[in-house]
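Below is one structure, written out as structure tokens, with a few remarks after it.
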DNA sequence: CTTCTTTTCCTACACATGTAGGAAAGCAAG
DNA sequence: CTTGCTTTCCTACATGTGTAGGAAAAGAAG
């Protein structure tokens, strides 16, 4: 169900998932600074995302308004699964270890994760 | 440094990282069953990986022997970073939460992660 | 209504990736 | 040495992705 979203397309979708329905110009303005894309380029991404069924579009006066038709969670889920298989051959434990070891998590995040894991342990 | 490795190429590299130097035919045989590729296709992947500098090749009698020139860790590192940025905008905490919540980890893995996180907490 | 600006529509192009095929060369068998 | 099988070398082609440009339409401005 979740369409395959390319790297540049993720940047665009991220804007739309967090800002809600927007026009191309608004997406362009909301993209992380320093992306270096022309407005035309962003338009291409939007058009492709509509083709793929990730967005729907309504004409609102002058400009198109783009709205997500797939929830972020669905895409995170399938991207995540694909990454997990590709790089860690499905071993979630290894993946989690990699990122925990790697990153400097904040104290709050560490606490939260400890709670999450403990509750998972209890439920076993 | 770590070359960009495509999905199919990861399957090939995984074989070589775990088996050590091998010929094309051996890679072909060692690939997860049901991949559906022809030997020719695997040869193309190998050739591209050599071009990219991920593998080196030595002629050994009849057939070529392929050896990794980049360690798996390097590639996991850069693939992981790219995934982290693309999907979680760099928020490692969110990524880890996603996979912990998602997966059913074994009791042993949960223990290991708890230890890892606790030691990280202490070190703060 | 004519002109300017914004935005869409259609088109393009190079490089990556999945997926091989045919020709050619090298070694094995008879 | 001739035939055949294995493996490489070179080539191909469709689709996806990054990166737009030019033409055209649709309001905004005067």
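Protein chains in written order, with the working numbering: chain U, 1 to 124; chain H, 1001 to 1124.
Positions of the beta carbon are idealized from the N, C-alpha and C atoms, including for glycine.
- Of all residues in the stretch 2 to 16 of chain U, the ones placed with a Cβ closer than 7 Å to any Cβ belonging to chain H are 7, 10, 14, in chain order.
- Residue 1030(H) has its alpha-carbon roughly 12 Å from the corresponding atom of residue 1020(H).
- Taking 7 Å as the cut-off, the beta carbon of residue 1116(H) is found closer than this to the beta carbon of residue 100(U).
- When DSSP reads this structure, residue 67(U) sits in a beta bridge with 56(U).
- Put simply, the CB of residue 1099(H) is near chain U, with a gap under 7 Å to one of its CB atoms.
- Pairwise C-beta distances place the stretch 1061 to 1071 of chain H in contact with the stretch 1033 to 1053 of chain H, as three or more of them are shorter than 8 Å.
- Neighbours of residue 103(U) in chain H, taken as residues at a C-beta separation under 7 Å, are given in chain order as 1092.
- Here residue 2(U) is near residue 75(U), since their CB atoms are less than 7 Å apart.
- Counting only the Cα atoms, residue 1011(H) lies some 26 Å from residue 1061(H).
- When 9 Å is used as the limit between beta carbons, residue 1038(H) is near no residue of chain U, the shortest such separation being about 21 Å.
- Distance from the Cα of residue 1104(H) is smallest, within the candidate group 96(U), 39(U), 58(U), for 96(U).
- DSSP places residue 1098(H) inside the alpha helix (DSSP H), whose first and last residues are 1092 to 1102.
- Residue 25(U) holds the alpha-carbon nearest to the alpha-carbon of residue 40(U) among 25(U), 53(U), 33(U), 34(U).
- As the crow flies, the alpha-carbon of residue 78(U) is around 18 Å from that of residue 1092(H).
- In terms of beta-carbon proximity, residue 83(U) lines the interface with chain H, with at least one pair separated by less than 7 Å.
- For a cut-off of 8 Å, the C-beta gap from residue 110(U) to residue 1121(H) is around 5 Å, short enough to register as a contact.
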